[in-house]
Each structure stands twice: as structure tokens, then as C-alpha cells.
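Trainee: Questions regarding the structure given below will be posed in turn.
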Amino acid sequence: MAAEAFDVYQLRDEHLAVREATRELCEAKVAPNAAHADETGEFPQASYDALRSADLHAPHIPEAYGGPGADAVATAIVIEEVARACAATSLIPAVHKLGTMPLLLAGSEELKARFLPPVARGEAMFSYCLSEPEAGSDAAAITTRAERDGDGWVLTGVKRWITNAGVSRFYTVFAVTEPGAGARGISAFVLDTEEDSGISFGAPERKLGIKGSPTREVYLDGVRVGPDRLIGAPGEGFRIAMRTLDHTRVTIAAQAVGIAAGALAAAADYVTQRRQFGRPVAEFQGVQFMLADMAMKLEAARQLTYAAAARSERDDPDLTFFGAAAKCFASDAAMEITTDAVQLLGGYGYTRDFPLERMMRDAKITQIYEGTNQVQRVVMARQLLRSR
Ligand SMILES: Cc1cc2nc3c(=O)[nH]c(=O)nc-3n(C[C@H](O)[C@H](O)[C@H](O)COP(=O)(O)OP(=O)(O)OC[C@H]3O[C@@H](n4cnc5c(N)ncnc54)[C@H](O)[C@@H]3O)c2cc1C
Numbered sequence: 001m002a003a004e005a006f007d008v009y010q011l012r013d014e015h016l017a018v019r020e021a022t023r024e025l026c027e028a029k030v031a032p033n034a035a036h037a038d039e040t041g042e043f044p045q046a047s048y049d050a051l052r053s054a055d056l057h058a059p060h061i062p063e064a065y066g067g068p069g070a071d072a073v074a075t076a077i078v079i080e081e082v083a084r085a086c087a088a089t090s091l092i093p094a095v096h097k098l099g100t101m102p103l104l105l106a107g108s109e110e111l112k113a114r115f116l117p118p119v120a121r122g123e124a125m126f127s128y129c130l131s132e133p134e135a136g137s138d139a140a141a142i143t144t145r146a147e148r149d150g151d152g153w154v155l156t157g158v159k160r161w162i163t164n165a166g167v168s169r170f171y172t173v174f175a176v177t178e179p180g181a182g183a184r185g186i187s188a189f190v191l192d193t194e195e196d197s198g199i200s201f202g203a204p205e206r207k208l209g210i211k212g213s214p215t216r217e218v219y220l221d222g223v224r225v226g227p228d229r230l231i232g233a234p235g236e237g238f239r240i241a242m243r244t245l246d247h248t249r250v251t252i253a254a255q256a257v258g259i260a261a262g263a264l265a266a267a268a269d270y271v272t273q274r275r276q277f278g279r280p281v282a283e284f285q286g287v288q289f290m291l292a293d294m295a296m297k298l299e300a301a302r303q304l305t306y307a308a309a310a311r312s313e314r315d316d317p318d319l320t321f322f323g324a325a326a327k328c329f330a331s332d333a334a335m336e337i338t339t340d341a342v343q344l345l346g347g348y349g350y351t352r353d354f355p356l357e358r359m360m361r362d363a364k365i366t367q368i369y370e371g372t373n374q375v376q377r378v379v380m381a382r383q384l385l386r387s388r
């Protein structure tokens, strides 16, 4: 069999180079800020600055709009490596992709040329507003309204759980343009806090983990925008929102892989140092079997994530299944691996003197956002059964 047939099983040299460069930067300039962001709940500005200095804050933005044009696999690797150092910071590149994906998938050339370059330059951040107080898993039940106003629109409603709200300048917002039409009555818009009046934010949520990543409500109080702010055609919003998530669940899988990798590395280092019964605890088979299981699950999660990322890059029809599977598997693995990592540090793992308890708390969110893992299983089962 030709050697090329095996290419699928290894990353390209440029992907390995991206990993090396991102890891080096994050170990030096992101990891040192992680505990502070967790303790204070402050946005990790120094880590954002470090990512910007290396053009890693929004790696997926195409070169045509001033970005580095990283493919979906490279973008996943960047997010993985940032999450290995600080999960909260990894939401900067991840949510940049989430917020901008609707534009990349369905936006006019004019919208893309206007809103993407400031993000690529690191001058503006981008958030994604789908969830509402009464519409989470059932996202088609949103009630935020966009009503016709001449040839433009007026948006009114409340968005909940919005990552980087208040820090971001730009917001993709999904709103009902045709009440009673269900998912087909939803449209997508882009808002700019520097130009559009009527946008305000709730108090920061007090969360279990990813404390350095702001999560706030977004209030839209009669926000007037022109017709040029519509993404795609009226009624296409829900489809755009779901296709966006197909792509970006891969980035949450990468985030989960990164958190788990950080926890495994810290636990493996610890058990070789910690001595009990006259020898390093790493010499006990009970500990080794735990490490082996953790490494096995991590690698399975990583490979599924990269397989999904390759499908995202090609925009394959089975991305819906793979995005859900990667996010679900990797986040469940991250929860198990970080919990076991805390266990391997014994009492020390349970304290803030070590980063493991933070990693365990951070891992939990990956099972919840961009669709809970129950919803991922609904998505996977639907894909599986509809071809029968
Ligand atoms: C920190 C954080 C950041 C977030 N960032 C964003 C963001 O930037 N933008 C955004 O739009 N949203 C964001 N979200 C929202 C997130 O995507 C939702 O919280 C998530 O989709 C779940 O919705 P919900 O919280 O309303 O839970 P619910 O939908 O109320 O679910 C409650 C429980 O019921 C289960 N359930 C619901 N329906 C089903 C079903 N059909 N079958 C089986 N079980 C079901 C769920 O799995 C869950 O266990 C964020 C959330 C958090 C916590």
C-alpha cells in the first residue's frame, strides 16, 4: 500500500509547528496568569495580549480578512494548547470562531470585510448570542424579536449566558423575524456596541469554573440596525446557528482535550515526585493503571477531535455527527481525567495550591455548553437513525 495512504493518521508538519509555538507561548505567558484569573474572576487581559502578540487570538480568520487563515485542525490545536495552560483563556480563540462563524458561513462579502479584520487585528472581540433565559437546549424557542423598521430592523429581547459579553464589541444575535414560524422564523444579525444604541449587560455570572471568562446577559432594548446587518436571508438564522455549532463543537472538544492534557501532565509529574511507603507513588501499579486509563482516554478524545476538525475544514456532510461525537466524548473524558488527576494528588489535589482542582472545575463546562452532552447524544442518534 502506498505510504500516502497512512497520511491521515499523522498531523502535518505545519500542525506540529503550530502546537510547538502555541505551547511555548502559553507555558511562558498564559499559564502564569491562570490561577489569578480563577481566583479573581478577572478577564485574563495579559493572556489575551500574549495571544494577540503571536497572532493566536483568532487563528481561524482567513487571510483575505487579515487573519492567519489557520485550518480547522490547526485552530483546534491552538485552542487545545491554550486550554492546557488556562481554560478560561482558551475561550478567546474558541468564541472568536463561534461568534464569526455565522458570517463566514452565510455573511455577505460586505459584512465579512467590515467585521472580520478588526477581530483579526486584535482590536475587537466577537460573541455569539443564541441562548435565552427560557431557551437553552430548545434553541428554536427563543423570543428575542427583530421587527421590521423601514428597510432595517429593531431588536428587543434578553440573551443569557453570553461568553465574553461586555468585553466583546461585536455580537452575532439570533432573533425571531416571523413569529409562529418556529425555527424557520429566526434570522441572524450582527451588532456593534460602538455604533448601535440600546445594548447593555447583566452582572457577571458567578460560576463553578472558567471564572476568568466573562459570562453575562445581553439586553437588547430596541436596537435599530440597517438591512446590511442581516446575516444570510430572513428565516435562515436557525440553520446558520446550528451549522455554526457543528463546526465549533470541535473547538469545545479541543478545549476539553487541552484541559485533560494539562491535568494528566501535572498528575504524572506529581506521582513521580511524591513518595509514600519509601518510594515514588508512580511505582504502584494501582497508580500506573489510573495513568494508563487517563492517557488512553485522552488520546482517543484527541484523535476523534482531529478527525472531526478535518471534517469541519472540508465542511463534510457527516460533520454534524462528528462534531457532536467529538464534543461529547472529549468532554466526558476530560471530566473523568481531571477527576482522576485530583485523586492522584491525594489531599493536595483538593487544594488551590495545585492547579488540578481548577482543571476539574473547568472541565465541567465542556459537558454543558454548545449543547449539553444529552443534546449531543440526541444529535448523534438522529444522524444515525435518519439514514435507516
Ligand atoms: C459558562 C457558560 C457559557 C455559555 N456561553 C454561551 C454563549 O456564548 N452563547 C450562547 O448562546 N449560549 C451560551 N451558553 C448557554 C449554553 O449553551 C446552555 O446553557 C446549554 O445549551 C444548555 O441550556 P440550558 O442551560 O438552558 O439547560 P436546559 O436546556 O434547561 O437543560 C436542563 C437539563 O435538561 C436536559 N435536556 C434538555 N433537553 C433535553 C432533551 N431533549 N433530551 C435529554 N435531555 C435534555 C439538559 O441536558 C440538561 O441536563 C453558555 C452557558 C454557560 C453555562
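As numbered in this note's numbering, residues 1 to 388 make up the sequence shown, in order.
All residues carry an ideal CB built from backbone N, CA and C; glycine is no exception.
All values reported here derive from a predicted model rather than from experimental measurement.
Can we count D138 as close to ligand 1, meaning its CB is less than 8 Å from some heavy atom?
Mentor: As a working note, residue 138 is residue 138 in the sequence shown. Indeed, a heavy atom of ligand 1 lies less than 8 Å from the Cβ.
Trainee: Near Y128, which residues of its chain fall below 6 Å by C-beta distance, leaving aside the five closest residues on each side in sequence?
Mentor: Position 128 of the sequence shown holds residue 128. Cβ neighbours of Y128 beyond the five flanking positions: L98, G99 and T172.
Trainee: By Cβ distance, which residues of its chain are closer than 6 Å to C328, with the 5 residues on each side in sequence left out?
Mentor: Translated into positions along the sequence shown, residue 328 becomes position 328. Excluding sequence neighbours, C328 sits near N373 and Q376.
Trainee: Run through the DSSP bridge pairs and tell me what C129 is partnered with.
Mentor: Counting from one through the sequence shown, the residue named residue 129 turns up at place 129. Answer by DSSP bridge pairing, in chain order: V173.
Trainee: For S131, is the beta carbon positioned less than 8 Å from some heavy atom of ligand 1?
Mentor: Residue 131 sits at position 131 when you count from the first residue of the sequence shown. Flag set: Cβ of S131 near ligand 1.
Trainee: Going residue by residue through the region 213–283, where are the continuous alpha helix (DSSP H) segments of at least 4 residues, counting only ones entirely within it?
Mentor: 237–273, all fully within the region 213–283.
Trainee: Any heavy atom of ligand 1 closer than 8 Å to the CB of I368?
Mentor: The residue labelled residue 368 in the question sits at position 368 within the sequence shown. Correct: I368 has its Cβ closer than 8 Å to ligand 1.
Trainee: On the criterion of 16 or more Cβ atoms from any shown chain inside 10 Å, does E81 qualify as buried, or is it exposed?
Mentor: In the sequence shown, residue 81 corresponds to position 81, counting from 1. E81 comes out buried.
Trainee: So S200 is in the beta strand (DSSP E); what residue range does that whole segment cover?
Mentor: For the purposes of this step, residue 200 is taken as residue 200 along the sequence shown, with counting starting at 1. Unbroken beta strand (DSSP E) run through S200: I199 to F201.
Trainee: Give me the residue from D362, L191 and E132 with the minimum Cα distance to I199.
Mentor: By one-based count along the sequence shown, residue 199 stands at place 199. Answer by Cα proximity: L191.
Trainee: Excluding sequence positions up to five away, which residues of its chain have a Cβ less than 6 Å from the Cβ of G69?
Mentor: Counting from 1 along the sequence shown, the entry for residue 69 is found at position 69. The residues are P62 and E63.
Trainee: Please classify S197 as buried or exposed, where buried requires at least 16 other C-beta atoms within 10 Å of its C-beta.
Mentor: For the purposes of this step, residue 197 is taken as residue 197 along the sequence shown, with counting starting at 1. The residue in question, S197, is exposed, as its Cβ has fewer than 16 Cβ neighbours within 10 Å.
Trainee: Excluding the five sequence neighbours on either side, which residues of its own chain have a C-beta within less than 6 Å of the C-beta of A54, listed in chain order?
Mentor: Along the sequence shown, read from residue 1 onward, the residue named residue 54 stands at position 54. So the qualifying residues of the chain are L25.
Trainee: What is the rounded straight-line gap between the Cα of L155 and the Cα of G180?
Mentor: As a working note, residue 155 is residue 155 in the sequence shown. As a working note, residue 180 is residue 180 in the sequence shown. Whole-angstrom Cα-Cα distance: 17 Å.
Trainee: Checking the sheet assignment: what are the DSSP bridge partners for L155?
Mentor: For the purposes of this step, residue 155 is taken as the residue at position 155 of the sequence shown. For L155, which the question treats as bridged, DSSP gives the partners A146 and V223.
Trainee: Just the Cα atoms here: how many angstroms apart are F189 and A175?
Mentor: Counted from its first residue, the sequence shown places residue 189 at position 189. Counted from its first residue, the sequence shown places residue 175 at position 175. If I take the Cα positions, the gap works out to 8 Å.
Trainee: Below 8 Å, can you find three or more Cβ-Cβ pairs linking the region 347–355 to the region 305–320?
Mentor: No contact exists between the region 347–355 and the region 305–320.
Trainee: In whole angstroms, what separates the C-alpha of T75 from that of G258?
Mentor: For the purposes of this step, residue 75 is taken as the residue at position 75 of the sequence shown. For the purposes of this step, residue 258 is taken as the residue at position 258 of the sequence shown. Spanning the two alpha carbons is a distance of roughly 13 Å.
Trainee: Measuring straight from C-alpha to C-alpha, what distance separates P133 and E217?
Mentor: Against the sequence shown, residue 133 aligns to sequence position 133. Against the sequence shown, residue 217 aligns to sequence position 217. Rounded to whole angstroms, P133 to E217 spans 9 Å at the Cα level.
Trainee: So who's on the other strand from T163, going by DSSP bridges?
Mentor: Within the sequence shown, residue 163 is the residue found at index 163, counting from 1. Per DSSP, T215.
Trainee: Taking A267 as the reference, which of T305, G182, A282 and A50 has the closest Cα?
Mentor: The count along the sequence shown starts at 1 and reaches residue 267 at position 267. Selected option, being the one with the closest Cα: A282.
Trainee: Reducing DSSP to helix, strand and coil, say where D337 ends up.
Mentor: The count along the sequence shown starts at 1 and reaches residue 337 at position 337. Residue identity differs from the one stated: residue 337 is Ile in this sequence, not Asp. I337 falls in the helix class under three-state DSSP.
Trainee: Could you have a look at V375 and say whether DSSP puts it in helix, strand or coil?
Mentor: Along the sequence shown, one-based indexing puts residue 375 at 375. Three-state result, V375: helix.
Trainee: When we look at the beta-carbon of R249 and count the other beta-carbons within 10 Å, is it buried (16 or more) or exposed?
Mentor: Within the sequence shown, the letter at position 249 stands for residue 249. Buried is the call here.
Trainee: Got a sec: does ligand 1 put a non-hydrogen atom nearer than 8 Å to the Cβ of L98?
Mentor: Locating residue 98 in the sequence shown gives position 98, counting from the first residue. Under cutoff, so the answer is yes.
Trainee: Find out if the Cβ-Cβ distance for the pair L344, M290 is shorter than 9 Å.
Mentor: Walking along the sequence shown from the start, residue 344 turns up at place 344. Walking along the sequence shown from the start, residue 290 turns up at place 290. Contact flag set, yes.
Trainee: Buried or exposed: Y384, going by 16 or more other Cβ atoms within 10 Å of its Cβ?
Mentor: Position 384 of the sequence shown, counted from the first residue, corresponds to residue 384. In the sequence as presented, Tyr is not what sits at residue 384; that position holds Leu. Result: exposed.
Trainee: To the nearest whole angstrom, what separates the beta carbons of A260 and A301, a pair I think is in contact under 8 Å?
Mentor: Sequence index remark: in the sequence shown, residue 260 carries index 260 (1-based). Sequence index remark: in the sequence shown, residue 301 carries index 301 (1-based). Right, the Cβ-Cβ distance comes to about 7 Å (below 8 Å), so this counts as a contact.
Trainee: Given a cut-off of 9 Å on the beta-carbon distance, is the pair A87 and S213 in contact?
Mentor: Translated into positions along the sequence shown, residue 87 becomes position 87. Translated into positions along the sequence shown, residue 213 becomes position 213. Contact flag set, yes.
Trainee: How is the beta strand (DSSP E) around L11 delimited, first residue to last?
Mentor: Here the question's residue 11 lines up with position 11 in the sequence shown. No beta strand (DSSP E) contains L11, which DSSP labels as neither H nor E.
Trainee: Does E194 come within less than 9 Å of chain D when only Cβ atoms are used?
Mentor: Of the protein chains in the structure, only one exists, and it is not chain D.
Trainee: Between which residues of its own chain and P234 is the CB-CB distance below 7 Å, once the five residues before and five after are set aside?
Mentor: Within the sequence shown, residue 234 is the residue found at index 234, counting from 1. The residues are T177 and S187.
Trainee: How long is the line joining the alpha carbons of G136 and Y48, rounded to whole angstroms?
Mentor: On the sequence shown, residue 136 is found 136 positions in, with the first residue counted as 1. On the sequence shown, residue 48 is found 48 positions in, with the first residue counted as 1. One C-alpha to the other measures close to 28 Å.
Trainee: Does DSSP put A54 in a helix, a strand or coil?
Mentor: Along the sequence shown, read from residue 1 onward, the residue named residue 54 stands at position 54. Note: A54 maps to coil in three-state DSSP.
Trainee: Quick one: is D71 buried, meaning 16 or more other Cβ sit within 10 Å of its Cβ, or exposed?
Mentor: Start at 1 with the first residue of the sequence shown, and residue 71 comes out as number 71. That one is buried.
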